[in-house]
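Novice: Please read through the structure below; I'll follow up with questions.
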Amino acid sequence: MAEQTAEPDGDPGANEDAPGEMYTDAGVAAEGSEPSADRTAEPGEPPVDDGSVDRDRNRAAGQQSDVGNGKPGTESDVGEPAEGVDDGQLWDVPRSSPTYAVYTSIASANIGSANFGADARQVRSPAARATGRITESDLADLRKGFVEPPGFVDAAKTIASEHLTFLFGPRGRGKRTSALQLLRKSVDKDIFLLSPRMSGTELAERAYKAGCGYALIDHAGDSGKEGAFSWRLLRDRLTEADARLVITTSVLLPEVPGEFRVSEWRTPDMASVLRERMAVELPDTDIELLDSVLCDVVRVGDTAELARRLTDGEAIEDAVRNLDASAAEAVREWFDRSPSRRRIAEVTTMAFAVDAPVRTYDRMLGGLLRRLHEADPEESATEPEAAMRPLRSGIIEPGGLIVKHTTTTEIGARTDFEFEKPAYHHHVVRALWERYDSEGLWNPVRLWLDDAVDAGDLSIVTGLAALSEVDINEVLEIIDPWSRRERGLVGQFAAMSVLGAMAYQDELAPTALRIATVWICRGDPAQRHTAAAAFSVELGIRYPHDAATRLWQLSVQPHTSAGDVDHALPTLFVSLVTVDSNPSVVLSMLATKMRKLHRPGADIESRARVNALALRVMSVRDRFAGRRSLGRYLALDGARADTVAEVWTRILENRPTRRDSLALFPMVVEDLVNNEENAEGLLRELAQQIGALYTGVRADHFVTDFHRVNLGSRNKSSTKVAALMRIFVAEFSKFARK
């Protein structure tokens, strides 16, 4: 069995070398082996060789050990073009680009405000990560207002006797919450979320922590190839560890043995859910009205949103209008009126221009009308008019779906067009897809979307995410050429952003993960670059364990990507630190890889590469926050100073990275001094952890080199930073073993 390591908020028993976790299907060399250019292509295809092998061998040898040009003291940050880096990288979209202000980073992205169900006009925080340990506070939140659905008791009996059960049924029925509630009733220890990409074989071969619970939500790892044997083997492995696993899926595979099944999962009584979640008392007449409305509600989340609105004091009529069922009815009535071609163009543009300024909306509407005119010139033709028509004001119509909204900002007023109810969005997309054919609408729309990418109008990504709910194949046909850089860097960035928009939606995130995994494993070099960029931001926040694993695997074969993949893992670390979504997973993975590659007999080139990559991660600076991400990480509640110490010590003991690793100390100290009240306490803890890893002569050499690099005559640190570094050395010396 592979070496196991405890991972913060991860599963301590996870087998990192389980089948399917390496690029066996994509031809990427296994960990610790010599990279080989002729193994990067699919079987039957010519090998990929973009001439970058020698360049990447130099990087692996430690000649460039930090983000940018290999010097941690430079201002070569994530998102900044670095000296010596080729043009055309997803990591450094030019500031002048129209995409820059929309989707260049988590800090500026508005993907979080996209809506595919209940009204969520307020900007939401990034979606919670979908893998790792579930905290008790999260479980407590899930217990609030929970109502046991039909079949819950049977499922509890199944998991108690078999240690494994499947919950299947359409999305929106509360399967995730029910799965976690089943586990909390079954186990007293930690509960972990597993990657939906894991197959039955991989689940059967991984290790499980004794007495813990595991949930795999929206299972997407099997393709029907695995039989009952794998699932029974998994049951035996779970029983051996006294662990429990609940798997949720939309459609149950026929290969799943009957003993693990329960009947199709149904929603709980919606009226009971509303009463449990609502914190206000309503008169009986209002309760009766709500009960009649809830008969048409099929999603637990919509009922929860209704309860929230009523608790916040919103009028019943307004709260009900924001229900998904009410929104669907309003959209259906509008389309039943047989709207004109221009009206269809207006709502189509709105569906793909969410949150776009008025001028952007005008430009995109004009572009779509031109494409529709090309498709059917006679129907689109109009008589010339003497007076200019007030087209913009005509967009707003009585009983229409679009309204004009004016917002007052710090610098003045801003006017936008938007759907009257955000919940209209995905119903409009579905109606457009179901009612209109390819020749009349969707072929022109596809050309128009390409035009929008060329113009840098990347607000289209939320519309494409909504379309993926309706027909994922249509979306793939649109974004696949973009991901291959057939429409340049902006198209590649748009494809990445579509996956990011999907990652914000519980129902779409597993699909986004599957697409990115296929691209990074089987795609051409440009697609691998696109997937790496997607895994480093929103998709990585949602699935940090998958992202870290995939980016590591790509980093050991950098010549298989069309771009510089050395930015990917540091950018993921920045992203996870920014939203505090288990950034420890990156450092823990590096620590595990370094332990393996520092053993006698390990591949020297792979060892040098992991050292250089670790230095990049440790040195990375988030220019949006203006901070060293390592300093910011150390101040987080869940920070693991022991893991930081292990990784830092490894690169300190590696000659090519030693000086840069030493020079990193004053930068991190300065970051803590400028931003954290407890800077001294954080440094003392770090010094103790690093000191515990040093003994005798090695400790003496560290102190000598530390003084020479950071406290010598050329030291330019501030008085406070220098004082704290002396405290660090003193604390280190106390804990270093003689």
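My numbering applies: residue 453 is where the sequence shown begins, and numbers increase by one. Note that the Cβ used here is the ideal one computed from N, Cα and C, for glycine as well.
1) Less than 7 Å between C-beta atoms, sequence neighbours within five positions excluded: which residues of the same chain meet that for N567?
2) Report the residue from G943, T812, F1180, L1021 whose alpha carbon sits nearest the alpha carbon of L1003.
3) Which residues share a DSSP beta bridge with I1179?
4) Would C973 be called buried (16 or more neighbouring beta carbons within 10 Å of its own) or exposed?
5) Please classify T610: is it buried, with 16 or more other beta-carbons within 10 angstroms of its beta-carbon, or exposed?
6) Under a three-way DSSP split, which group does F1076 fall into?
7) Note the first and the last residue of the continuous beta strand (DSSP E) segment covering V698.
8) Residues bridged to P809 by DSSP?
9) Can you name, in chain order, every residue of its own chain whose Cβ lies under 8 Å from the Cβ of L1088, other than the five neighbours on each side?
10) Go ahead and label E921 buried or exposed: buried means 16 or more other beta carbons lie within 10 angstroms of its beta carbon, across all protein chains shown.
11) Rounded to the nearest angstrom, what separates I1103 and Q1141 at their Cα positions?
12) Helix, strand or coil, according to DSSP, for L646 in the structure here?
13) Excluding the 5 residues preceding and the 5 following L741 in the sequence, name in chain order all residues of the same chain whose CB lies nearer than 7 Å to its CB.
14) Going by alpha carbons, who is nearest to E849 out of T860, D828, E872, T867?
15) In angstroms with no decimal places, state the Cα-to-Cα distance between D958 and L645.
16) Let me know the secondary structure DSSP gives K856 once reduced to three states.
17) Report buried or exposed for H857, applying the criterion of at least 16 other Cβ atoms within 10 angstroms of its Cβ.
18) Is DSSP giving Y666 helix, strand or coil here?
19) Taking the C-alpha atoms as reference points, what is the distance between A559 and F1076?
20) State yes or no: is the C-beta of M802 within less than 9 Å of the C-beta of T763?
21) Report the three-state DSSP secondary structure of F620 (helix, strand or coil).
22) Can you tell me whether R658 is helix, strand or coil according to DSSP?
23) Could you name the residues that DSSP lists as bridge partners for R761?
24) How would you write the range of the alpha helix (DSSP H) that G1133 sits in, first residue to last?
25) I need the straight-line Cα distance from V1125 to L1114, nearest angstrom please.
26) How far does the alpha helix (DSSP H) with R687 in it extend, from its first residue to its last?
27) Write down every uninterrupted run of the alpha helix (DSSP H) in the stretch 890-963 whose length is 4 residues or greater and which is fully enclosed by it, in chain order.
28) Taking Cβ to Cβ, would you say R1080 is nearer than 9 Å to D1074?
29) For the beta strand (DSSP E) that R585 lies in, which residues bound it at each end?
30) For the putative contact between S935 and A978, defined by C-beta atoms under 8 Å, what is the C-beta separation to the nearest angstrom?
31) If you reduce the DSSP assignment to three classes, tell me which class R1068 lands in.
32) Between I854, M954, N774, R773, which has its C-alpha nearest R795's C-alpha?
33) For A1066, I'd like the list of residues in its chain whose CB is within less than 6 Å of its CB, leaving aside the five on either flank, ordered along the chain.
34) Near N1063, which residues of its chain fall below 8 Å by C-beta distance, leaving aside the five closest residues on each side in sequence?
35) Cβ atoms of I643 and R585: under 9 Å apart, would you say?
36) Per the contact definition of three or more C-beta pairs closer than 8 Å, is the stretch 888-900 in contact with the stretch 812-827?
Specialist: Let's see:
1) Position 115 of the sequence shown, counted from the first residue, corresponds to residue 567. The pLDDT assigned to N567 is 30, lower than 50, so where the model puts this residue is not dependable, and the model offers no usable value.
2) Position 551 of the sequence shown, counted from the start, is the residue given in the question as residue 1003. Looking at the Cα atoms, L1021 is the closest of the given residues.
3) Numbered from 1 along the sequence shown, position 727 holds the residue referred to as residue 1179. According to DSSP, residue pairing for I1179 in a beta bridge does not occur.
4) The residue you call residue 973 lines up with position 521 of the sequence shown. Buried, because 16 or more other Cβ atoms sit within 10 Å of the Cβ of C973.
5) Numbered from 1 along the sequence shown, position 158 holds the residue referred to as residue 610. Buried, because 16 or more other Cβ atoms sit within 10 Å of the Cβ of T610.
6) Along the sequence shown, one-based indexing puts residue 1076 at 624. Coil.
7) Taking the first residue of the sequence shown as position 1, residue 698 is located at position 246. Residues 696-701.
8) Along the sequence shown, one-based indexing puts residue 809 at 357. Under DSSP, P809 takes part in a beta bridge, and its partners are D868.
9) In the sequence shown, counting from the first residue as 1, residue 1088 sits at position 636. Closer than 8 Å at Cβ, skipping near neighbours: V1029, D1032, P1035.
10) Taking the sequence shown and counting its residues from 1, one reaches residue 921 at position 469. Its Cβ being crowded by 16 or more others within 10 Å, E921 is buried.
11) Along the sequence shown, read from residue 1 onward, the residue named residue 1103 stands at position 651. Along the sequence shown, read from residue 1 onward, the residue named residue 1141 stands at position 689. Distance between the alpha carbons of I1103 and Q1141 is about 15 Å.
12) Along the sequence shown, one-based indexing puts residue 646 at 194. The answer is strand: DSSP assigns L646 an E or B state.
13) One-based indexing of the sequence shown puts residue 741 at position 289. Closer than 7 Å at the Cβ level, and outside the excluded window around L741, lie I768.
14) As a working mapping, residue 849 is identified with position 397 in the sequence shown. For E849, the nearest C-alpha among the options comes from E872.
15) The count along the sequence shown starts at 1 and reaches residue 958 at position 506. The count along the sequence shown starts at 1 and reaches residue 645 at position 193. Roughly 14 Å separates the two Cα atoms.
16) As a working mapping, residue 856 is identified with position 404 in the sequence shown. K856 falls in the strand class under three-state DSSP.
17) Locating residue 857 in the sequence shown gives position 405, where the first residue counts as 1. That one is exposed.
18) Locating residue 666 in the sequence shown gives position 214, counting from the first residue. Strand.
19) As a working note, residue 559 is residue 107 in the sequence shown. As a working note, residue 1076 is residue 624 in the sequence shown. Because the pLDDT of A559 is 32, which lies under 50, any placement of that residue in the model is unreliable, and the number read from its coordinates should be weighed accordingly. Roughly 7 Å separates the two Cα atoms.
20) Here the question's residue 802 lines up with position 350 in the sequence shown. Here the question's residue 763 lines up with position 311 in the sequence shown. Cβ atoms of M802 and T763: not closer than 9 Å.
21) Reading the sequence shown from its first residue, position 168 is the one you call residue 620. Judged by DSSP in its simplified three-state form, F620 adopts strand.
22) By 1-based counting over the sequence shown, the position of residue 658 is 206. Of the three classes helix, strand and coil, the one that applies to R658 here is coil, per DSSP.
23) On the sequence shown, residue 761 is found 309 positions in, with the first residue counted as 1. DSSP output for R761 lists no bridge partner at all.
24) Counted from its first residue, the sequence shown places residue 1133 at position 681. Note, G1133: alpha helix (DSSP H), 1131-1143.
25) Your numbering for residue 1125 matches position 673 in the sequence shown. Your numbering for residue 1114 matches position 662 in the sequence shown. In a straight line, the C-alpha of V1125 is about 18 Å away from that of L1114.
26) As a working mapping, residue 687 is identified with position 235 in the sequence shown. 680-693 is the extent of the alpha helix (DSSP H) around R687.
27) Whole alpha helix (DSSP H) segments, 4+ residues: 895-907, 912-922, 924-935, 940-955.
28) Position 628 of the sequence shown, counted from the first residue, corresponds to residue 1080. Position 622 of the sequence shown, counted from the first residue, corresponds to residue 1074. In contact: R1080 and D1074 (Cβ atoms closer than 9 Å).
29) To locate residue 585, count along the sequence shown from 1; it is residue 133. Counting along the chain, the beta strand (DSSP E) containing R585 begins and ends at 584-586.
30) Taking the sequence shown and counting its residues from 1, one reaches residue 935 at position 483. Taking the sequence shown and counting its residues from 1, one reaches residue 978 at position 526. That belief holds up - the Cβ atoms of S935 and A978 are roughly 7 Å apart, short of 8 Å.
31) For the purposes of this step, residue 1068 is taken as residue 616 along the sequence shown, with counting starting at 1. In the structure shown, R1068 sits in a helix (DSSP, three-state: H, G or I).
32) On the sequence shown, position 343 is the one that residue 795 refers to. Per the Cα distances, I854.
33) Here residue 1066 refers to the residue found at position 614 of the sequence shown. Answer for A1066: L1042, V1099, I1103, listed in chain order.
34) Sequence index remark: in the sequence shown, residue 1063 carries index 611 (1-based). Around N1063: G514, S517, M1046, R1102, I1103, N1106, P1108, T1109.
35) Here the question's residue 585 lines up with position 133 in the sequence shown. Here the question's residue 643 lines up with position 191 in the sequence shown. Yes, these two residues count as a Cβ contact at 9 Å.
36) In short, these stretches touch, since the Cβ pair count reaches three.
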